[in-house]
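A.B. asks: Got a structure for you, questions after.
Residue numbers (this note's numbering): 1 to 106.
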């Protein structure tokens, strides 16, 4: 019984890695990027745009962006919310009780 549970738990790991890879690359396929979303279409200062791309790591090759993101994900660092400027983990934890309540009520 415990062995079966252990095998099931281990089989989840490749699935989660696969989902991570697929979701990361699907997000990268969306036209435009974070910098254009933040700055808007009218802002055209190339120096500021290049600095923001470097800050967000968008100047790195895609495989390196994935590696940086994946390592941070494994360490529990989900990044900073672009809307509030707070850590995403804090945002999730604040809203988790309401989510749990709605889930249990359903």
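Virtual Cβ for every residue (Gly too), placed ideally from N, Cα, C.
Quick one: what's residue 80 bridged to in DSSP?
C.D. replies: As a first step, residue 80 must be located in the chain shown, where it is residue number 80. Note: residue 80 sits in a beta bridge opposite 87.
A.B. asks: Sort 30, 73, 95 by Cα distance to residue 16 and report the nearest one.
C.D. replies: Translated into the one-based positions of the chain shown, residue 16 becomes position 16. Out of 30, 73, 95, 73 has the C-alpha closest to the C-alpha of residue 16.
A.B. asks: Sorted by chain position, which residues of the same chain lie with C-beta nearer than 8 Å to residue 68's C-beta, five sequence neighbours on each side aside?
C.D. replies: Position 68 of the chain shown, counted from the start, is the residue given in the question as residue 68. Excluding residues within five positions, the ones whose Cβ falls inside 8 Å are 57, 60.
A.B. asks: For residue 18, report the span of its alpha helix (DSSP H) as first-last.
C.D. replies: For the purposes of this step, residue 18 is identified with residue 18 of the chain shown, where counting begins at 1. Where residue 18 is concerned, the enclosing alpha helix (DSSP H) stretches over 2-28.
A.B. asks: Rounded to whole angstroms, what's the CA-CA distance from residue 46 to residue 99? Just pull it up for me.
C.D. replies: The residue you call residue 46 lines up with position 46 of the chain shown. The residue you call residue 99 lines up with position 99 of the chain shown. Cα-Cα distance, rounded: 42 Å.
A.B. asks: Of the choices 1, 21, 78, whose alpha-carbon is the least far from that of residue 92?
C.D. replies: In the chain shown, residue 92 corresponds to position 92, counting from 1. Of 1, 21, 78, the residue nearest in Cα terms is 78.
A.B. asks: With DSSP collapsed to three states, give me the class of residue 60.
C.D. replies: The count along the chain shown starts at 1 and reaches residue 60 at position 60. The DSSP-derived three-state label of residue 60 is coil.
A.B. asks: If residue 49 and residue 34 are in contact, beta carbons under 8 Å, what's the gap, nearest whole angstrom?
C.D. replies: As a position in the chain shown, residue 49 is number 49, starting the count at 1. As a position in the chain shown, residue 34 is number 34, starting the count at 1. Between residue 34 and residue 49 the Cβ distance is about 11 Å, and since that is not below 8 Å, they are no contact.
A.B. asks: Between residue 139 and residue 80, how many whole angstroms is the CB-CB distance? I'm expecting something under 8 Å.
C.D. replies: Because residue 139 is not part of the residues shown, which for the chain are 1 to 106, the question remains open.
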